[in-house]
Amino acid sequence: MDNILAAARRCYINKGIAATGMKEVAAATGIARSTLYRYFPGRDELLIATVKEEMLTLNGFIRERLDVKLEPAHQVVEGLLLAIREIPHRPLLATVFASEEGSRARQVIWQSALIVQFGEELMDHVVGPASVAGLLQDTAPPEVLVEWVYRLLLSFLTLPSNVIGSEEELRATLHALLVPVLLK
Numbered sequence: 002m003d004n005i006l007a008a009a010r011r012c013y014i015n016k017g018i019a020a021t022g023m024k025e026v027a028a029a030t031g032i033a034r035s036t037l038y039r040y041f042p043g044r045d046e047l048l049i050a051t052v053k054e055e056m057l058t059l060n061g062f063i064r065e066r067l068d069v070k071l072e073p074a075h076q077v078v079e080g081l082l083l084a085i086r087e088i089p090h091r092p093l094l095a096t097v098f099a100s101e102e103g104s105r106a107r108q109v110i111w112q113s114a115l116i117v118q119f120g121e122e123l124m125d126h127v128v129g130p131a132s133v134a135g136l137l138q139d140t141a142p143p144e145v146l147v148e149w150v151y152r153l154l155l156s157f158l159t160l161p162s163n164v165i166g167s168e169e170e171l172r173a174t175l176h177a178l179l180v181p182v183l184l185k
């Protein structure tokens with residue numbers, strides 16, 4: 002299955018998401034389409050599985066770089082800054098989350114459970130301790146907070162600010178506007 006996901010990733014990056022179907026991935030993998038359909042019922046499921054692998058890799062990258070000694074507010078902000086900085090350097094994620102070509106892919110991903118799972122896994126080390134410490138806002142369920150952070154991430158990736166010019170300004174803005182929404 003790893004070879005299928007690797008071939009799909011190459012096809013999405015080289016041919017584009019819209020131009021990549023089951024036929025192209027089967028050919029790139031060297032298997033029959035019928036075999037590919039045994040693993041993935043359709044092109045959306047294949048896209049979700051491929052993007053999920055990329056997102057898990059990104060999660061690992063961010064977790065490795067976040068200082069676990071930081072308080073939850075700083076972890077949320079620094080994690081989001083890392084994602085904003087890193088996604089454009091990852092070709093598949095950049096296509097999905099930061100380009101016009103990725104609009105259909107974003108819809109497919111958004112309608113799957115993948116975004117909530119991605120956010121929960123990434124924020125688990127922040128949300129869990131903040132919740133135990135009584136710091137997590139209780140006006141919205143955690144999955145709504147995760148979705149809101151994801152929407153903020155998409156906003157900065159697809160439509161960069163005309164007002165916030167530097168990473169330091171973005172950091173300060175996130176501390177001022179994001180942290181109060183997530184934490185008490």
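The sequence shown begins at 2 in my numbering and counts up by one.
The C-beta atom is built at its ideal place from N, Cα and C for all residues, glycine as well.
All values reported here derive from a predicted model rather than from experimental measurement.
For the segment 107 to 179, there is no continuous beta strand (DSSP E) assignment of 3+ residues that stays within its boundaries.
Within the same chain, Val128, Pro143, Glu144, Val147 come within 8 Å of glutamate 121 by CB-CB distance, once the 5 residues on both sides are set aside. In the structure shown, the three-state DSSP call for leucine 71 is coil.
Three or more beta-carbon pairs separated by less than 8 Å are not found between the segment 73 to 83 and the segment 42 to 57, which leaves the two stretches without contact. Inclusion of threonine 21 and asparagine 4 in the CB contact set at 8 Å is not warranted, their separation being larger than that value.
By the 16-neighbour rule on beta-carbons within 10 angstroms, threonine 51 is buried. Counting other Cβ atoms within 10 Å of its Cβ, valine 69 stays below 16 and is therefore classed as exposed. Per DSSP, the continuous alpha helix (DSSP H) segment holding threonine 51 begins and ends at 44 to 66.
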